[in-house]
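In the numbering used here, the protein residues as written are 8 to 200.
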């Protein structure tokens, strides 16, 4: 052994992990894990205390999406159009209480209910450097659901730019809203039984 250390991989090629925790009602703490598995990808994982079909529906049924997919600081999902079939289109428009709006369109490439969705996304004001491809995998784990969302950007610069916007904080907040919404749906189902 020469004592020579191997050269470190350039930062751009290293897999980075960002952890974020959200305290849920009771003593539950949910962890959002964000990694960069390649130079163009961001991968987000999080466990939800709900069945896989319920989480899948909250991801694909417009009325359910409007119940949780809001942005911070007064942004609400006002328009949600989903044609849930391969080749079907999506359209989301968020409205801010001050009148501003932000829209995104896409198309489904793959749907395997309730396990997997692959779709394109493009914001009206293209801040992501072109179309992204999102893959969402729903994995059942003892009555809970592990959600793994991978976003493939057009370039490394686009991925790094998206990470620089605070997207992980925003996603953490959205997923906390999904947690609360899932709990309310489960409570309503128990009350109806």
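Heads up, the beta-carbon is just placed ideally off N, CA and C, and yes, glycines get one too.
{"Asked": "Range of the contiguous alpha helix (DSSP H) that encloses residue 154", "Found": "Premise fails: residue 154 lies in the beta strand (DSSP E), 151-159, not in any alpha helix (DSSP H)."}
{"Asked": "Best match in 91, 95, 124 for proximity to residue 157 [C-alpha to C-alpha]", "Found": "124"}
{"Asked": "Local Cβ density within 10 Å of residue 119, reported as buried at 16 or more and exposed below that", "Found": "exposed"}
{"Asked": "The segment 46-60 in contact with the segment 99-118 per 3-pair CB rule at 8 Å", "Found": "no"}
{"Asked": "Residue 97 versus residue 88: straight-line alpha-carbon distance, rounded", "Found": "5 Å"}
{"Asked": "Collapsed DSSP secondary structure at residue 101 in the structure displayed", "Found": "strand"}
{"Asked": "Cβ neighbours of residue 160 in the same chain (closer than 8 Å, five flanking residues each side left out)", "Found": "47, 48, 49, 135, 136, 137, 139, 166, 169"}
{"Asked": "Beta-carbon proximity list for residue 78, same chain, < 6 Å, skipping 5 on both sides", "Found": "101"}
{"Asked": "Residue nearest to residue 196 in terms of C-alpha spacing, selected from 178, 57, 66", "Found": "57"}
{"Asked": "Where residue 84 falls: helix, strand or coil (DSSP)", "Found": "strand"}
{"Asked": "Per DSSP, cross-strand counterpart(s) of residue 145", "Found": "154"}
{"Asked": "Rounded Cβ spacing between residue 122 and residue 141 (contact assumed at less than 8 Å)", "Found": "Their Cβ separation, rounded to whole angstroms, is 15 Å, which puts residue 122 and residue 141 out of contact at 8 Å."}
{"Asked": "Contacts around residue 108, its chain only, beta-carbon distance under 8 Å, and the 5 residues preceding and following it disregarded", "Found": "85, 100, 101, 102"}
{"Asked": "Three-way DSSP call (helix, strand, coil) for residue 173 in this model", "Found": "coil"}
{"Asked": "Cβ neighbours of residue 75 in the same chain (closer than 6 Å, five flanking residues each side left out)", "Found": "184, 185, 188"}
{"Asked": "6 Å Cβ shell around residue 190 - same chain, five flanking residues per side excluded", "Found": "none"}
{"Asked": "Cβ neighbours of residue 91 in the same chain (closer than 6 Å, five flanking residues each side left out)", "Found": "67"}
{"Asked": "Backbone CA spacing between residue 153 and residue 63 [nearest angstrom]", "Found": "11 Å"}
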